[in-house]
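For reference, the structure discussed in these notes is given below.
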Amino acid sequence: MKITADNVNKHYSNYIKYLIKNNKLDTSLLCSYELSFIKTKIKLVNANNKNNILIDFLDKSFTNRIKKMNRKNEIFYKIFKKNKANILDCTGGFGKDSFILHSMGHSVTMIEKNPIVTILLKNALERFKISKFSNNKLSLFHGDAYDYLYNTDQDFDYIYIDFMFDKSKEKLSSKNIETLKILTNNYNKKDELIRLAINKVKDRIVIKNYKKNLPLYVGKSDYTIFTKLLRYDMYLNRQDVK
Ligand SMILES: C[S@@+](CC[C@H](N)C(=O)[O-])C[C@H]1O[C@@H](n2cnc3c(N)ncnc32)[C@H](O)[C@@H]1O
0 MKITADNVNK
10 HYSNYIKYLI
20 KNNKLDTSLL
30 CSYELSFIKT
40 KIKLVNANNK
50 NNILIDFLDK
60 SFTNRIKKMN
70 RKNEIFYKIF
80 KKNKANILDC
90 TGGFGKDSFI
100 LHSMGHSVTM
110 IEKNPIVTIL
120 LKNALERFKI
130 SKFSNNKLSL
140 FHGDAYDYLY
150 NTDQDFDYIY
160 IDFMFDKSKE
170 KLSSKNIETL
180 KILTNNYNKK
190 DELIRLAINK
200 VKDRIVIKNY
210 KKNLPLYVGK
220 SDYTIFTKLL
230 RYDMYLNRQD
240 VK
């Protein structure tokens, strides 16, 4: 993977180079990619399909969806019914789901473990935070969601988990998602994370998955909401899940 950076962003690029050099980041599948740190924008470019990944919460693809969203057409209104809830998104990714939840008035904490995805997301958040639309209720931590949840004293009304494409052979919906799949490895502590989340959440946890997949967690969900393509399995708080 090629990395280019101007002086402003040298600390980011040096961090990624350090991780690669010390075998802490597998970039073997990213030969055709360039990570570009120029001025205020950080993007990942795939030379093969010329696909640029630049997360931009102020882009029309985001803002149009937010403008059009209402209680009838946005499934998250059915799932996250409390007003102004405190939500933990254990799988930040490109921040799309978190951004929708934030736009509905919730406070959202995103956790993302992949360093490259984190840098892209952090950069998007920094640009968003200086815009007039930010209310500082969207935040990001880099690391493993299990470790974060285990150590935090914060209470969360909802905990949201979207592993979606792990192991999936689905044709994914966009080039961005295809890239996200290459970037992020399968996570093998899913059950531990879900058990801890059921124990610690105040209200319920929400697990997003493909409709035709079996529920991700062995324990029976309290209920499930289906859309045309997806399923959202809900688990209410229980202190006795071991
Ligand atoms: C399917 S994507 C999430 C997409 C996201 N919902 C969105 O709207 O863009 C899953 C993301 O979760 C991250 N992830 C997986 N396991 C994690 C964990 N234990 N802690 C933190 N991040 C994790 C992956 O690196 C990947 O970026």
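With numbering that gives the first Met the number 0, letter number 38 in the sequence shown gets 37, and the count goes up by one each step, no holes. In this text, a Cβ means the ideal position worked out from N, Cα and C, and glycines have one as well. Keep in mind it's a predicted model, so treat the numbers as computed, not measured.
If you draw a straight line from the Cα of isoleucine 2 to the Cα of lysine 16, it comes to about 8 Å. The continuous stretches of beta strand (DSSP E) do not include lysine 59, which lies in the alpha helix (DSSP H) extending over residues 59-67. The DSSP-derived three-state label of leucine 24 is coil. Within 10 angstroms of the beta-carbon of valine 7 lie fewer than 16 other beta-carbons, which makes it exposed.
Placement of the Cβ of asparagine 113 at a distance of less than 7 Å from at least one heavy atom of ligand 1 is found. Taken in chain order, the complete alpha helix (DSSP H) segments of 4 or more residues contained in the region 66-150 are 74-78, 95-102, 114-128 and 144-150.
Residue pairing by DSSP places arginine 203 opposite Tyr157 and Leu235 in a beta bridge. The beta carbon of aspartate 202 is closer than 8 Å to those of Lys81, Ala84, Asp156, Tyr157, Leu235 and Asn236 in its chain, skipping five residues each way along the sequence. Between the beta-carbon of lysine 42 and that of asparagine 51 there is about 5 Å, and that keeps the pair under the 8 Å contact cut. Residue pairing for threonine 3: DSSP places it in a beta bridge opposite Ser35. Looking at Leu120, Lys180, Thr151 and Lys189, the one whose alpha-carbon comes closest to that of threonine 39 is Leu120.
The Cβ neighbour count for phenylalanine 132, taken over all protein chains shown within 10 Å, is under 16; the residue is labelled exposed. Per DSSP, the unbroken beta strand (DSSP E) holding tyrosine 222 starts and ends at 222-225.
In chain order, Phe61 place their CB closer than 8 Å to the CB of lysine 95, counting only its own chain and leaving out the 5 sequence neighbours on each side. The DSSP-derived three-state label of isoleucine 54 is coil. Around the Cβ of valine 217, a 10 Å sphere holds fewer than 16 other Cβ atoms; the residue is exposed. Across the structure, aspartate 154 and asparagine 47 are spaced so that their CA atoms are roughly 44 Å apart.
Taking valine 200 as reference, the option from Ile118, Tyr76, Tyr145 and Thr26 with the minimal CA-CA separation is Tyr145. Contact holds between the region 88-105 and the region 135-144, because three or more Cβ pairs, one in each stretch, are under 8 Å apart. Taking all protein chains in view, the Cβ of cysteine 30 is surrounded by fewer than 16 other Cβ atoms within 10 Å, so the residue is classified as exposed.
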